[in-house]
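Colleague:
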Amino acid sequence: MKLTGAQALIKSLETQGVEVMFGLPGGAILPVYDPILDSSIRHVLVRHEQGAGHMAEGYAMVTGRAGVAIVTSGPGATNVVTPLSNAYMDSTPLVVISGQVATSSIGTDAFQECDITGVTMGITKHNWLIKRAEDIPRTVAAAFHVATTGRPGPVLIDIPKDIANSQMEWYWPESEADLDLPGYHPRTTGDPAAIAAAAELMLAAERPVLYVGGGVLKSRGSAALLELAERTGFPVVTTLMARGAFPDSHPLCLGMPGMHGNYTAVTSMQRADLLVALGSRFDDRVTGKIDAFAPGAKVIHADIDPAEIGKVRVPEVGIVGDCRLVIEELLTALEALGLGHDRRGAAVEAGSTGRAATLAAGRPSLEGWWAQVGDWQREFPLYYDTDDEAAVKPQMVVESLRDLSPADTIVVSGVGQHQMWASQYWRFDYPYTWVNSGGAGTMGFAVPAAVGAKVGRPDKTVWAIDGDGCFQMTAQELVTASAEKIPIKIAILNNAYLGMVRQWQEMFYAERYSEVYLSPDLPDYVKWAEAMGCVGIRAETPEEVAPAIEKANSIDDRPVVVDFRTDAFEKVFPMVPAGGSNDAIVVHPDQAGARVAR
């Protein structure tokens with residue numbers, strides 16, 4: 000069957016099982032847009048290519064499937080660089096297709112020419128410049144394989160306009176061997192000797208912590224993690240990228256560690272004698288000053304990317320493999336050492352918490368460790384000042400959104416103070432319900448990512464919790480949401496500032512507020528929302544918060560934007576100053592006296 004390169008590309012996407020793609024046409028990619036008219040694939044027309052990339056990310060993060068974005072050459076391609084970088088940092092599977100000028104024009108500075116494969120070499124797992132139409136099916140199959148296997152990540156396919164117009168004989172690669180990927184062989188199962196050594200360390204630990212990263216979610220390992228935690232009785236911390244991997248409501252859960260993690264999660268890692276790092280990469284936002292991080296802890300580090308093992312912290316035991324499979328192997332090894340399904344240990348009687356206090360016969364008890372953890376939890380819970388009854392506290396808004404929305408609501412955030420409050424005060428009891436920009440910290444992520452998440456999970460309520468600074472960067476994608484009838488909900492925590500920057504200037508720059516004020520009224524967010532086909536709502540007092548949320552939740556035929564006028568000078572606590580030790584964690588001023596007394 001003869002097809003054009005453009006037809007072969009779309010047929011390849013269909014064969015790969017693609018159901019939706021996000022994009023914006025232009026000259027170089029125009030041949031590819033013609034067969035889209037006859038395709039089963041839904042195309043979502045964005046208002047900016049950055050939005051296409053973030054929508055594809057949101058889709059990927061809630062479905063586990065590769066998100067697909069399609070853009071034209073030159074500025075179309077460079078506009079998707081930020082989502083590619085974001086996806087690369089957060090290990091999100093993404094396939095971006097970019098148009099390119101004709102092969103005869105490459106290198107001549109032709110109109111809208113850009114060496115996008117060169118530009119994105121450092122922020123993709125791999126990229127391809129198509130040189131023959133015959134290569135298209137093989138390349139598409141390889142792209143999806145690379146994006147979704149091993150450590151997931153973004154890939155890019157660049158297709159020149161003349162290749163899209165030329166003819167080829169249709170085929171589809173029959174096996175992985177046909178993909179022409181020499182050297183790409185991700186290891187999924189752990190080394191048996193390393194698994195055995197890790198199990199021995201776990202059974203000897205007196206102050207253990209399961210340090211869980213996003214790799215557990217990528218591997219679909221939440222159920223296995225739950226079994227491991229309950230079998231061992233180890234406390235669990237979930238990083239920003241792992242929120243929802245372990246239920247926040249579970250008695251073994253300590254919450255989020257890191258620069259703005261809760262006191263117990265941060266301090267338990269500092270005092271641990273064993274960290275079992277599962278799909279986490281010892282990010283600087285978690286470790287703080289690396290030389291002072293968890294100084295007394297031995298480390299077991301499991302990750303599917305061998306480059307992560309020993310990159311920041313040299314482990315006593317390094318395990319390269321898929322997190323779910325590694326956890327299952329650890330469970331088998333622990334059972335062989337006497338920690339079986341029927342030997343989970345005795346409950347901690349003093350607190351009646353249901354936490355396992357012993358491991359196996361003759362192994363150290365965890366009762367003293369859990370007693371210490373319980374003390375920290377009681378003394379330094381998450382806290383904010385509620386004395387000013389007239390102020391709308393952003394933390395209260397997040398709590399109200401949480402309590403008034405379905406338990407399995409998907410929460411999407413931008414980057415900044417609102418991101419931290421969302422990750423702190425929402426209770427994540429389900430995996431794949433938290434979507435955010437972690438490693439890259441990309442402002443403007445929330446609105447388009449929420450669109451993609453809702454497309455991927457139309458059955459779920461999707462709330463984007465955004466800041467006024469972030470919202471202004473990509474709010475035009477609400478036009479996309481309105482036109483495509485994608486009923487997302489946006490909560491703007493409007494404090495009229497670039498809040499996190501202002502917090503740092505207040506705490507570390509003697510309150511010299513340089514270029515952080517945005518104004519609460521410019522723009523008028525309600526009118527802006529209405530102009531984009533959304534329902535606009537404003538809440539200016541604490542009494543208006545709950546009714547605004549209830550009204551937003553009752554609307555399901557169009558997007559909703561709620562402008563919450565929040566306390567402008569509220570800060571995120573706890574906080575570890577950048578570059579400092581986690582031992583120097585700063586709690587809320589109202590709690591500081593208790594910490595000093597200790």
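Residue numbers (numbering that gives the first Met the number 0): 0 to 597. Even glycine gets a Cβ: it sits at the ideal position worked out from N, Cα and C.
Using the rule of at least 16 other Cβ atoms within 10 Å of the residue's Cβ for burial, across every protein chain shown, is SER553 buried or exposed?
Modeller: The residue in question, SER553, is exposed, as its Cβ has fewer than 16 Cβ neighbours within 10 Å.
Colleague: Taking the straight line between their C-alpha atoms, what separation do you get for VAL94 and ALA59?
Modeller: Spanning the two alpha carbons is a distance of roughly 10 Å.
Colleague: Which word fits GLU510, buried or exposed, when buried means at least 16 other C-beta atoms lie within 10 angstroms of its C-beta?
Modeller: Classification for GLU510: exposed.
Colleague: So, with DSSP's three-state summary, where would you put VAL414?
Modeller: Coil at VAL414, not helix or strand.
Colleague: For GLY309, count neighbouring Cβ atoms within 10 angstroms of its own Cβ and tell me buried if that reaches 16, exposed if not.
Modeller: Exposed is the call here.
Colleague: Leaving out the 5 sequence neighbours to the left and right, which residues in its chain are closer than 7 Å to GLU348 when beta-carbon positions are compared?
Modeller: At GLU348, the pLDDT of 30 sits below 50, so the modelled position is not reliable; the number obtained from the coordinates is stated separately. So the list is empty, once near-sequence residues are dropped.
Colleague: Nearest-angstrom Cα distance between ILE122 and ALA222?
Modeller: So the alpha carbons of these two residues sit roughly 31 Å apart.
Colleague: Whole angstroms are fine: how far does the CA of ALA141 sit from the CA of CYS113?
Modeller: Each residue's Cα considered, the two are about 23 Å apart.
Colleague: Out of curiosity, what's the CA-to-CA distance linking VAL372 and SER267?
Modeller: Approximately 7 Å, taken between the alpha carbons.
Colleague: Which ranges would you report for the alpha helix (DSSP H) in the stretch 50-84 if only whole runs of at least 4 residues count?
Modeller: DSSP runs (the alpha helix (DSSP H)) wholly in the stretch 50-84: 74-77.
Colleague: Got a sec, what are the start and stop residues for the alpha helix (DSSP H) ILE326 sits in?
Modeller: Here the alpha helix (DSSP H) through ILE326 covers 322-335.
Colleague: Measure the Cβ-Cβ separation of VAL139 and VAL145 and say whether it is below 9 Å.
Modeller: Against a cut-off of 9 Å, the Cβ pair of VAL145 and VAL139 comes out as no contact.
Colleague: Relative to the alpha-carbon of PRO250, which residue among TYR262, HIS259, MET240, VAL236 has its alpha-carbon at the smallest distance?
Modeller: Closest by alpha carbon: VAL236.
Colleague: Would you give the residue range spanned by the beta strand (DSSP E) that GLY4 belongs to?
Modeller: Segment 4-14 is the alpha helix (DSSP H) holding GLY4; no beta strand (DSSP E) there.
Colleague: Hey, would you say TRP462 sits closer than 9 Å to VAL411, going by beta carbons?
Modeller: Yes, these two residues count as a Cβ contact at 9 Å.
Colleague: For LEU336 versus ALA198, is the C-beta spacing smaller than 9 Å?
Modeller: Going by C-beta atoms, LEU336 is nearer than 9 Å to ALA198.
Colleague: Our contact map puts MET255 next to SER422 with C-beta atoms below 8 Å; I'd like the distance itself, whole angstroms only.
Modeller: Correct: roughly 6 Å between the Cβ atoms.
Colleague: Measuring alpha carbon to alpha carbon, tell me which of ALA65, ALA51, GLY63, GLU56 ends up nearest ALA76.
Modeller: If we check each option's Cα against that of ALA76, ALA51 comes out closest.
Colleague: Considering LYS488, what are the terminal residues of the beta strand (DSSP E) in which it resides?
Modeller: Run containing LYS488: 488-493, per the beta strand (DSSP E) assignment.
Colleague: Pick helix, strand or coil for VAL19, following the three-state DSSP scheme.
Modeller: Of the three classes helix, strand and coil, the one that applies to VAL19 here is strand, per DSSP.
Colleague: Taking all protein chains shown into account, do 16 or more other C-beta atoms lie within 10 angstroms of the C-beta of GLY606, making it buried, or fewer, making it exposed?
Modeller: Absent from the structure is residue 606, since the part of the chain shown begins at 0 and ends at 597.
Colleague: Hey, how far is the Cα of ILE584 from the Cα of HIS259?
Modeller: Distance between the alpha carbons of ILE584 and HIS259: 9 Å.
Colleague: How many angstroms separate the CA atom of TRP433 from the CA atom of GLY106?
Modeller: Answer to the nearest angstrom: the Cα atoms are 43 Å apart.
Colleague: Pop quiz: MET54 and VAL61 are said to be a contact at Cβ under 8 Å. What is the actual Cβ separation, rounded to whole angstroms?
Modeller: With 8 Å as the limit, MET54 and VAL61 do not qualify as a contact, their Cβ atoms being about 11 Å apart.
Colleague: Pull up the DSSP beta-bridge partners for GLY440, would you.
Modeller: Beta-bridge pairing links GLY440 to no other residue.
Colleague: Assign LEU36 to one of two classes, buried (16 or more other C-beta atoms within 10 Å of its C-beta) or exposed (fewer than that).
Modeller: Exposed.
Colleague: Helix or strand or just coil, what does DSSP make of GLN394?
Modeller: In this structure, GLN394 counts as helix in the three-state DSSP scheme.
Colleague: Kindly identify the DSSP beta-bridge partner or partners of HIS300.
Modeller: ALA276, GLY317.
Colleague: Flag this pair as yes or no: are the beta carbons of PRO573 and PHE379 separated by less than 9 Å?
Modeller: Their beta carbons are under 9 Å apart, which means PRO573 touches PHE379 by this criterion.
Colleague: If you count every other CB in all the chains shown that lies within 10 Å of the CB of PRO207, and 16 or more means buried, which is it?
Modeller: Under this definition PRO207 is a buried residue.
Colleague: Hey, could you find the ends of the alpha helix (DSSP H) TRP169 is sitting in?
Modeller: Looking at the DSSP string, TRP169 is not in any alpha helix (DSSP H), and its letter there is neither H nor E.
Colleague: Taking ASP523 as the reference, which of PHE563, VAL515, ASP556, ILE485 has the closest Cα?
Modeller: Ranking the options by Cα distance to ASP523, first place goes to PHE563.
Colleague: CB LEU521 to CB LEU497, shorter than 9 Å?
Modeller: No.
Colleague: Within the same chain, show all residues whose beta-carbon is closer than 7 Å to that of GLU226, passing over the 5 residues directly before and after it, in chain order.
Modeller: Excluding positions up to five away in sequence, the list reads LEU330.
Colleague: Buried or exposed: where does VAL450 fall if 16 or more other Cβ atoms within 10 Å of its Cβ makes it buried?
Modeller: Under this definition VAL450 is a buried residue.
Colleague: What first and last residue would you give for the beta strand (DSSP E) that runs through ARG41?
Modeller: Run containing ARG41: 41-44, per the beta strand (DSSP E) assignment.
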